[in-house]
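Below is one structure, written out as structure tokens; comments come after it.
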Amino acid sequence: QVQLVQSGAEVKKPGASVRVSCKASGYTFNTYDINWVRQATGQGLEWMGWMNPNNGNTGYAEKFQGRVTMTRNTSINTAYMELNSLRSEDTAVYFCARVSRMMNWFDPWGQGTLLTVSS
Amino acid sequence: DTQMTQSPSSLSASVGDRVTITCRASRSIRTYLNWYQQKPGKAPKLLISAASTLQSGVPSRFSGSGSGTDFTLTISSLQPEDFATYYCQQSYITPITFGQGTRLEIK
Numbered sequence: 121q122v123q124l125v126q127s128g129a130e131v132k133k134p135g136a137s138v139r140v141s142c143k144a145s146g147y148t149f150n151t152y153d154i155n156w157v158r159q160a161t162g163q164g165l166e167w168m169g170w171m172n173p174n175n176g177n178t179g180y181a182e183k184f185q186g187r188v189t190m191t192r193n194t195s196i197n198t199a200y201m202e203l204n205s206l207r208s209e210d211t212a213v214y215f216c217a218r219v220s221r222m223m224n225w226f227d228p229w230g231q232g233t234l235l236t237v238s239s
Numbered sequence: 003d004t005q006m007t008q009s010p011s012s013l014s015a016s017v018g019d020r021v022t023i024t025c026r027a028s029r030s031i032r033t034y035l036n037w038y039q040q041k042p043g044k045a046p047k048l049l050i051s052a053a054s055t056l057q058s059g060v061p062s063r064f065s066g067s068g069s070g071t072d073f074t075l076t077i078s079s080l081q082p083e084d085f086a087t088y089y090c091q092q093s094y095i096t097p098i099t100f101g102q103g104t105r106l107e108i109k
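Read top to bottom, the protein sequences are chains A and B. Be aware that the first sequence starts at 121, since it is given in our numbering, and climbs by one per residue. Be aware that the second sequence starts at 3, since it is given in our numbering, and climbs by one per residue.
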């Protein structure tokens, strides 16, 4: 079955960087975009950006421009999201999701990775 | 950015009730509207895509309608497992945006 499995929880200090991975299985990895969404505790869903695993093209939400990088390693069917210059407000659960080629719905989602930024 | 406004923000209902959640977009998004269900500690789950297409395995008590700027999610007869938070999402144009969520609670 189609599945996205993310890396485990992270604890980082302010100013540090984090890289979250998202390993895909059950489909041809480079044929569907991967998007990243985050959710602070008790809050709603915030879209961060997209990546095309076939060519590596990316697009980021303006809020994260200059601070986020989305990459992939096609040899191991894994997408990555790196966020730099972390601050306490980045504490959240980060999700990856596969994007439909038809009308861009997100399905499935990874299980989420909790990032805690604290000094 | 395309703003997505859901109402109500929270809702108390009983098992067996019919419930409707609305989602309004700040511009036309045609039928690029998706609904997700999220339970505590879990990832969102796609329920309905393209405004009205029920995903495989999703009970038929869920239905979606609308186009342009106004959309609805209806649960015809609430079951205990339906108590969760529901989000609409526009996937018409980047930045992709979500409604603020509707928390459905047991009365």
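Ideal Cβ positions, reconstructed from N, Cα and C, are used throughout, including at glycine.
For residue j and residue i, believed in contact at Cβ under 8 Å, the rounded distance
{"i": "residue 69 of chain B", "j": "residue 53 of chain B", "result": "6 Å"}
{"i": "residue 40 of chain B", "j": "residue 49 of chain B", "result": "Actually they do not touch by this definition, with Cβ atoms about 10 Å apart."}
{"i": "residue 189 of chain A", "j": "residue 141 of chain A", "result": "Not quite, the Cβ-Cβ distance comes to about 13 Å (not below 8 Å), so this is no contact."}
{"i": "residue 160 of chain A", "j": "residue 211 of chain A", "result": "7 Å"}
{"i": "residue 92 of chain B", "j": "residue 4 of chain B", "result": "5 Å"}
{"i": "residue 215 of chain A", "j": "residue 45 of chain B", "result": "6 Å"}
{"i": "residue 164 of chain A", "j": "residue 94 of chain B", "result": "About 19 Å separates the two Cβ atoms, so there is no contact after all."}
{"i": "residue 125 of chain A", "j": "residue 231 of chain A", "result": "7 Å"}
9 Å Cβ cut-off: residues of chain A touching residue i
{"i": "residue 42 of chain B", "result": "Chain A residues near residue 42 of chain B: none, gap ~10 Å exceeds 9 Å."}
Chain-ordered chain B contacts of residue i [CB-CB under 7 Å]
{"i": "residue 181 of chain A", "result": "97"}
Under 7 Å from the C-beta of residue i: neighbouring residues of chain A
{"i": "residue 45 of chain B", "result": "215, 229, 230, 231, 232"}
{"i": "residue 93 of chain B", "result": "223, 224, 225"}
Where residue i meets chain A, residues with beta-carbon distance less than 8 Å
{"i": "residue 102 of chain B", "result": "164"}
{"i": "residue 89 of chain B", "result": "164, 165"}
Residues that DSSP places opposite residue i in a beta bridge
{"i": "residue 26 of chain B", "result": "B:7, B:72"}
{"i": "residue 215 of chain A", "result": "A:157"}
{"i": "residue 226 of chain A", "result": "A:219"}
{"i": "residue 202 of chain A", "result": "A:139, A:189"}
{"i": "residue 88 of chain B", "result": "B:39, B:104"}
{"i": "residue 144 of chain A", "result": "A:124"}
{"i": "residue 21 of chain B", "result": "B:77"}
{"i": "residue 171 of chain A", "result": "A:154, A:178"}
{"i": "residue 237 of chain A", "result": "A:132"}
{"i": "residue 208 of chain A", "result": "According to DSSP, residue 208 of chain A bridges with nothing at all."}
{"i": "residue 166 of chain A", "result": "A:158"}
{"i": "residue 66 of chain B", "result": "B:75"}
{"i": "residue 49 of chain B", "result": "Answer is none; residue 49 of chain B lacks a bridge partner."}
{"i": "residue 14 of chain B", "result": "B:107"}
{"i": "residue 55 of chain B", "result": "B:51"}
{"i": "residue 99 of chain B", "result": "B:92"}
Any non-hydrogen atom of the ligand FMN within 6 Å of residue i CB
{"i": "residue 156 of chain A", "result": "The ligand FMN is not part of the structure shown, which contains no ligands of any sort."}
Counting Cβ pairs closer than 8 Å, one from the segment 220-238 of chain A and one from the segment 178-191 of chain A, do we hit at least three?
-> The answer is no - the segment 178-191 of chain A does not touch the segment 220-238 of chain A, with fewer than three Cβ pairs under 8 Å.
Got a sec: which bits of the segment 199-229 of chain A sit with their beta carbon under 9 Å from any beta carbon on chain B, in order along the chain?
-> Contact annotation: in the segment 199-229 of chain A, residues whose CB is within less than 9 Å of a CB in chain B are 213, 215, 217, 219, 220, 222, 223, 224, 225, 226, 227, 228, 229.
If you measure beta-carbon to beta-carbon, which residues of the segment 48-82 of chain B are closer than 8 Å to chain A?
-> 48, 51, 52, 57
Listed from N- to C-terminal order along the chain, which residues in the segment 156-177 of chain A have their beta-carbon within a distance smaller than 7 Å of any beta-carbon of chain B?
-> Listed in sequence order: 164, 165, 167.
Evaluate the contact criterion for the segment 13-27 of chain B versus the segment 72-81 of chain B: three or more CB pairs, one atom per stretch, below 8 Å.
-> yes
Mind the definition here: the segment 11-21 of chain B touches the segment 208-222 of chain A only if three or more C-beta pairs lie below 8 Å; say whether that holds.
-> no
Counting pairs of beta carbons, one from the segment 203-214 of chain A and one from the segment 78-85 of chain B, are three or more of them closer than 8 Å?
-> Counting Cβ pairs under 8 Å, fewer than three are found: no touch.
The segment 8-27 of chain B: positions lying closer than 7 Å to chain A by Cβ | none
The segment 59-69 of chain B contacting the segment 126-135 of chain A, beta-carbon criterion three pairs below 8 Å = no
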